[in-house]
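S.K.:
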Amino acid sequence: MMLTMERVSITSRGKKIVDDVSLLVKQGEWLALVGESGSGKSLLSQAIGRMLPRGMEVSGRLMLGDCDLGSLSKSEMRSMLGRDIAYISQDYHGSFTPFLTIGAHFKEYGKAHGVSREECKRKTGEALESVGLASGMESRYPSELSGGQMQRIAIALALFLSPCLVIADEITTALDSVTGHRVLQLLASRQKETGCGILFITHDWRTVRRYADRIAVMKEGVIVETGGKHRILDHPRHHYTKRLIESAPVLGLGLRSGVEGEKRYECNLGERDH
Numbered sequence: 001m002m003l004t005m006e007r008v009s010i011t012s013r014g015k016k017i018v019d020d021v022s023l024l025v026k027q028g029e030w031l032a033l034v035g036e037s038g039s040g041k042s043l044l045s046q047a048i049g050r051m052l053p054r055g056m057e058v059s060g061r062l063m064l065g066d067c068d069l070g071s072l073s074k075s076e077m078r079s080m081l082g083r084d085i086a087y088i089s090q091d092y093h094g095s096f097t098p099f100l101t102i103g104a105h106f107k108e109y110g111k112a113h114g115v116s117r118e119e120c121k122r123k124t125g126e127a128l129e130s131v132g133l134a135s136g137m138e139s140r141y142p143s144e145l146s147g148g149q150m151q152r153i154a155i156a157l158a159l160f161l162s163p164c165l166v167i168a169d170e171i172t173t174a175l176d177s178v179t180g181h182r183v184l185q186l187l188a189s190r191q192k193e194t195g196c197g198i199l200f201i202t203h204d205w206r207t208v209r210r211y212a213d214r215i216a217v218m219k220e221g222v223i224v225e226t227g228g229k230h231r232i233l234d235h236p237r238h239h240y241t242k243r244l245i246e247s248a249p250v251l252g253l254g255l256r257s258g259v260e261g262e263k264r265y266e267c268n269l270g271e272r273d274h
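Take the sequence shown: its letters are residues 1 to 274, numbered as in full-length UniProt numbering.
1) Could you check whether the segment 97 to 108 touches the segment 178 to 186, counting it as contact only if at least three pairs of C-beta atoms, one from each stretch, sit closer than 8 Å?
2) Take K229 as the anchor and find which of K219, P249, V131 and W205 has the nearest alpha-carbon.
3) Can you look up Y109 in the DSSP assignment and give me helix, strand or coil?
4) I'd like the list of long-range same chain contacts for K123, defined as Cβ closer than 8 Å, with 5 residues on each side in sequence excluded.
5) Hey, quick one: how far does the beta strand (DSSP E) through E225 stretch, first residue to last?
6) Verify whether the separation of the beta carbon atoms of I215 and A32 is less than 9 Å.
7) Where in the segment 147 to 195 do unbroken runs of the beta strand (DSSP E), each at least 3 residues long, occur, reported from the N-terminal end onward?
8) Taking the alpha carbon of A112 as the point to measure from, which residue in S135, R78 and E126 has its own alpha carbon closest?
9) Given this structure, state the Cα-to-Cα distance separating R209 from L233, to the nearest angstrom.
10) Whose CA, out of F99, R231 and K219, lies closest to the CA of D20?
11) Name the residue from A212, M80 and E246 whose alpha carbon lies nearest to the alpha carbon of A158.
12) With three or more C-beta pairs closer than 8 Å as the rule, is the segment 162 to 173 touching the segment 185 to 205?
13) Threshold first: 4 residues or longer. Then list the alpha helix (DSSP H) segments lying entirely within the segment 9 to 85, N to C.
14) With DSSP as the reference, identify every bridge partner of S216, one or two as the case may be.
15) Going by the beta-carbon positions, is the gap between I17 and M51 smaller than 9 Å?
16) For G202, which residues does DSSP report across the bridge?
17) Looking at I223 and S22, is the spacing between their C-beta atoms short of 9 Å?
18) Kindly give me the distance between the Cβ atoms of V183 and V34, rounded to whole angstroms, as I take these residues to be in contact under 8 Å.
19) With a cut-off of 8 Å on the beta carbons, I'd call S39 and G221 a contact; round off their distance for me.
20) Which residue marks the beginning of the alpha helix (DSSP H) containing L145, and which one marks its end?
21) What does a CB cutoff of less than 6 Å around M63 pick up in its chain, not counting 5 residues either side in sequence?
22) Look up M5 in the DSSP assignment and say whether it is helix, strand or coil.
23) So A156 and S130 are supposed to be a Cβ contact under 8 Å. How far apart are they, rounded?
24) When you compare only the Cα positions, how much space is there between R231 and E76?
25) Under a three-way DSSP split, which group does G197 fall into?
26) Cβ atoms of D68 and P163: under 9 Å apart, would you say?
27) So who's on the other strand from I88, going by DSSP bridges?
28) For residue 277, which option in T101, S12, S71 and A86 has the closest C-alpha, if you only look at C-alpha atoms?
Structure (structure tokens):
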């Protein structure tokens with residue numbers, strides 16, 4: 001299923017923090033949402049699952065396939081989270097209860113979504129194996145595992161019920177470069193296996209270059225440019241996009257100098273700009 005955002009705004013105390021965002025994430029696609037800290041990327045992702053901090057209001061339309069997410073009750077949205085929409089955050093420690101074993105986390109996750117005990121046990125083994133973790137991991141506690149192992153388990157848990165959309169928010173920030181690279185390779189591999197769409201929030205242009213299909217650039221709550229990865233990296237149109245790319249040492253060389261001023265570039269819904 002495709003995620004469609006139409007003119008989504010987020011307001012806090014009368015002030016717009018995210019302004020009139022229209023984006024889509026297609027099934028099987030990796031959309032990188034990039035921008036500086038505080039640009040509204042994480043808030044936009046939280047709005048999808050109705051996880052915004054208290055006091056913030058959302059307007060516009062959020063659709064997953066033909067389901068209007070804004071019309072769902074709280075219980076209906078809770079049911080969708082995990083089954084249809086999964087989140088992976090940079091705070092992987094906060095995603096786990098320290099006094100529960102890894103196996104118990106999968107058991108509780110499956111129970112919440114009506115998975116039988118037998119099926120949950122089978123799927124847990126498959127999920128852990130799919131992220132390269134040996135049998136016996138189920139009996140261990142979060143405090144006994146490394147950061148890389150915990151993030152791999154977070155990916156396994158997120159994909160446990162084969163959601164059609166995965167939202168990954170700066171998932172390698174707390175990891176060293178080697179471990180982070182392995183985690184991203186794992187996520188890309190699991191995406192190919194499951195066919196899920198990925199909304200990937202990051203400020204790391206090296207990751208964008210390696211994994212993204214399309215890019216959306218966010219500045220102060222506004223999407224200033226969207227397009228295919230190669231078009232954005234080779235021919236950025238907005239001055240802000242060009243500045244971000246040039247500030248990334250690996251990407252800054254060889255960019256063409258043509259920038260079409262301050263104009264706000266947005267792709268129409270459904271457009272794939274290469």
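Note that the Cβ used here is the ideal one computed from N, Cα and C, for glycine as well. Bear in mind that the values here come from a model prediction, so they are computed numbers and not experimental data.
M.R.: Looking at the atomic coordinates:
1) no
2) W205
3) helix
4) F106, G110, V115 and F160
5) V222 to G228
6) yes
7) 165 to 169
8) R78
9) 8 Å
10) K219
11) M80
12) yes
13) 41 to 48 and 74 to 83
14) Reading off the sequence, residue 216 comes out as Ala, not Ser. Partner(s): L33 and T226.
15) no
16) What sits at residue 202 in the sequence shown is Thr, not Gly. Answer by DSSP bridge pairing, in chain order: V34.
17) yes
18) Contact flag wrong, Cβ pair sits at about 18 Å.
19) 7 Å
20) No alpha helix (DSSP H) contains L145, which DSSP labels as neither H nor E.
21) T4
22) strand
23) 6 Å
24) 39 Å
25) strand
26) no
27) A168
28) Lying outside 1 to 274, the shown extent of the chain, residue 277 is not represented and no answer is given.
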